Structures are given as structure tokens and as C-alpha cells.
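In this text, residue positions in the sequence shown follow the numbering used here: the first is 21, and each later residue adds one.
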Amino acid sequence: AAGDSFYRYKMPAIQSKIEGRGNGIKTNVVNMVDVAKALARPPAYTTKYFGCELGAQTNWNDKTGTAIVNGAHDAAKLADVLEGFIKRFVQCFSCGNPETVVNVSKRDTIHLKCKACGAVSDVDMRHKLTTFILKNPPE
């Protein structure tokens with residue numbers, strides 16, 4: 021896809037660690053803070069997105085910077101899911117550049133404003149994560 025090589029060098033590969041076992045098994049996304057920072061999105065968004073896509077409970081702890089996804093998910097699977105987050109909530113729909121700003125409108129719609137080409141993309145409001153973004157708008 022266009023622009024892929026562009027953000028890959030800035031975005032660290034996901035590092036995950038499976039913790040616990042049996043019913044209490046969970047995946048700790050060790051470097052969620054760095055991944056989210058590279059995408060200029062709050063880590064709470066990326067963590068919650070994993071939960072939406074994997075059908076799992078998630079927990080983001082702001083104080084410790086810990087992202088937990090219930091269940092066992094390997095880094096490759098998580099990277100795959102993150103790809104979808106980038107396409108839906110990061111990349112400009114016009115030029116594919118990942119340098120966008122999330123804007124929440126007064127009418128409860130979410131837009132991405134591209135810093136490169138200036139285009140404004142409308143985020144698909146049918147995705148479950150949008151409710152979370154509206155409740156937790158970007159700073």
C-alpha cells in the first residue's frame with residue numbers, strides 16, 4: 021500500500037509478552053507507549069482497538085504505561101491488527117501519510133486532518149472504537 025515504507029521506519033515493532041496461564045492468560049504489549057507515540061495516538065486508543073478487534077477485554081494503565089489484552093496473542097497477530105488501526109485511524113485517506121491529527125466535531129463525528137496534504141478524512145463511525153474516542157477525546 022502507498023506510504024507503508026514511510027511510517028514503518030518510525031514505528032517500533034510490537035513487543036508482547038504472554039503472562040499467566042489457563043483462564044488468567046493475558047498478553048502484555050510491552051512497548052505500547054512507543055508504538056502509540058510513533059502513531060501520535062493515545063496508547064489507550066491502540067489498546068482499546070486491540071480489544072475491539074480481538075474480542076477481548078483490555079486494560080490500559082496510564083500510571084505504569086502497561087497495556088494488557090486478555091488471552092494469548094502473538095506479536096505478529098497484534099501487528100496485523102495494528103495495521104487496521106493505522107488504516108482506519110491514522111493514515112490520511114487522501115495521500116496515505118500517517119501524520120494526521122484526530123479531531124472530534126461538535127456533532128460527534130471524528131476526522132483526521134492531514135499535516136502533509138491538508139485533507140480532512142472522515143473516520144467510519146460504525147467502528148466500535150469511535151464510541152471510546154468520543155468519550156475520551158484527544159488532548
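Beta carbons: idealized from backbone N, C-alpha and C, even for Gly.
Since the structure is predicted, the reported quantities are computational estimates derived from the model, not experimental observations.
- For E39, there is no enclosing alpha helix (DSSP H); the enclosing beta strand (DSSP E) has its first and last residue at S36 to E39.
- Counting every other CB atom within 10 Å of its CB across the protein chains shown gives K46 a total of 16 or more, marking it as buried.
- Residue environment analysis places T151 among the exposed positions, since fewer than 16 neighbouring C-beta atoms fall within 10 angstroms of its C-beta.
- For V140, the uninterrupted beta strand (DSSP E) run begins and ends at V140 to D142, by DSSP.
- Here the region 90-97 makes no contact with the region 116-129; the two share fewer than three CB pairs at distances below 8 Å.
- A distance below 7 Å separates the beta carbons of S36 and V49.
- Sequence-distant Cβ neighbours of G85 in its own chain, meaning closer than 8 Å and more than five residues away, are M52, V53 and P63.
- Using a Cβ distance threshold of 7 Å, K30 and A60 do not count as a contacting pair.
- By the neighbour-count definition (other C-beta atoms within 10 Å, threshold 16), G71 is a buried residue.
- Judged by DSSP secondary structure, C134 falls within the beta strand (DSSP E) whose first and last residues are I130 to C134.
- The three-state secondary structure of V55, taken from DSSP, is helix.
- Only residues of its own chain outside the window of five on either side were considered, and among them V124, D128 and I130 have a CB closer than 8 Å to the CB of L154, listed in chain order.
- Taking all protein chains in view, the Cβ of K68 is crowded by 16 or more other Cβ atoms within 10 Å, so the residue is classified as buried.
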